[in-house]
Amino acid sequence: MLQRKNSIKIEICSERRIIDLKGVSTEDALEIIKAANAIKVSHSENTEGQSNKPGFIHSKE
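For the sequence shown, the positions run 1187 to 1247 when our numbering is used.
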């Protein structure tokens, strides 16, 4: 019997990127999306000794 693989695509609008989750179960894909929602991207301002690189901060613990 043939099994159908899930093909889930997530588009990140600000970067115009598409993340393809081929072969990932629906349940696992939902867990990935939930985890992504718990991450907040922040940009620190350039101060003494710090560069202006983006960082990742978990907004939920």
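Note that the Cβ used here is the ideal one computed from N, Cα and C, for glycine as well. Just so we're clear, the structure is a prediction, and the values are computed from it rather than from any experiment.
Limits of the unbroken alpha helix (DSSP H) element including residue i
i	result
residue 1224	First-last for residue 1224: undefined, no H or E at that position.
Helix, strand or coil at residue i according to DSSP, with G and I counted as helix
i	result
residue 1261	Limits of the chain in this structure are 1187 at one end and 1247 at the other, which puts residue 1261 out of reach.
N-terminal and C-terminal residue of the beta strand (DSSP E) that residue i is part of
i	result
residue 1203	1203-1208
For residue j and residue i, believed in contact at Cβ under 8 angstroms, the rounded distance
i	j	result
residue 1194	residue 1210	6 angstroms
Between the CA atoms of residue j and residue i - distance to the nearest angstrom
i	j	result
residue 1224	residue 1208	23 angstroms
residue 1219	residue 1204	14 angstroms
residue 1216	residue 1222	10 angstroms
residue 1212	residue 1202	23 angstroms
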